[in-house]
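This report concerns only the one structure given below.
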Amino acid sequence: MIGHDDAAVGARSDDELLENIGTAFSRMRRRTSSVPIDLPAARTDVRRDLLLAIVEESDGLLSVNAVASAMGMERTAVSRLAASCVTEGLVERVASQSDGRSITLRITPDGREVLAGSRQQQRRAFEYITRDWDDDERLEFARLLHKYVAATSPGASD
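Whatever position you read off the sequence shown (first residue = 1), add 491 for the numbering used here.
Shown next, in the form of C-alpha cells:
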C-alpha cells in the first residue's frame, strides 16, 4: 500500500530528502501523538513523560535548571511541571549528592510505572504506523533511529 506521503518521498531527490529532514521529524512527533490506538497523549503528558525520561536517565543527578536546559524550556515552566510531578508522586526532590545545598530530582516507582506505560503506548503507535512495513524495514528503521540518538549523546563526537 503506497500512500500520498510515500509517493511524495519517492519522487524527491536525495538532497530534497535531507533538506527536509527537520520537517519530517516535526511531522513524526505530531502524528505519532495522534495515532488512533488509545486516547491521544495530551501535550502536558508528553512534557511530563519527557521530564520523567530525562530524570530517569540522569539517575537523580539533575537540578530543575539542568532539566529545563535538557528540555529546551524555560526554567519557570519546568519548575511548575516538576512541582506537578512531585504532587502526583512521580518524582521527588532530594538533596544533591555533590552539593547538599542543591536540590535534584529523582524518579519514583510510580514515575517509572507512568513512563513504562508511555513507552508501551509509543511502541503501539510505532506498530500501528508501520503496520504495512515488513519486519526487516521496521527493524532497520529502529536500528537507524537508535544510532541517530546515540550520535546525539554528549561525548558522541569526541
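Where is the CB? At the ideal position from N, CA and C, for every residue including glycine.
Remember, it's a predicted structure, so these values are computed and weren't measured experimentally.
Reference residue i; option with closest CA among the options
i    : options                : result
V555 : C576, R522, A515       : C576
E583 : S589, R566, E604, V546 : V546
L541 : G602, A642, R634       : G602
A568 : I512, S589, R539       : R539
L636 : D505, E507, I512       : I512
L581 : R503, R520, S517, P600 : P600
S589 : L553, L572, S570, Q612 : L553
Y639 : F516, D505, R503       : F516
Delimiting residues of the alpha helix (DSSP H) encompassing residue i
i    : result
E510 : 505-510
L650 : The question about residue 650 has no answer, for the chain in this structure spans 492 to 649.
V526 : Counting along the chain, V526 falls outside any alpha helix (DSSP H), and DSSP gives it neither H nor E.
R634 : 626-642
S589 : Looking at the DSSP string, S589 is not in any alpha helix (DSSP H), and its letter there is neither H nor E.
S554 : No alpha helix (DSSP H) contains S554, which DSSP labels as neither H nor E.
Whole-angstrom C-beta distance between residue j and residue i, which should lie under 8 Å
i    : j    : result
P509 : G551 : Note on residue identity: the sequence assigns Leu, not Pro, to residue 509. Wrong, their Cβ atoms sit about 39 Å apart, outside the cutoff.
S587 : I598 : At roughly 16 Å, the Cβ-Cβ gap does not stay under 8 Å, so S587 and I598 are not in contact.
L543 : V605 : 6 Å
S549 : V537 : 19 Å between Cβ atoms; not a contact.
R566 : A559 : 4 Å
R629 : T621 : 5 Å
Unbroken beta strand (DSSP E) run spanning residue i, endpoints
i    : result
R597 : 594-598
Exercise for review: Indicate whether the contact test is met: 3 or more Cβ pairs, each with one atom in the region 606-626 and one in the region 517-530, closer than 8 Å.
Suggested key: yes
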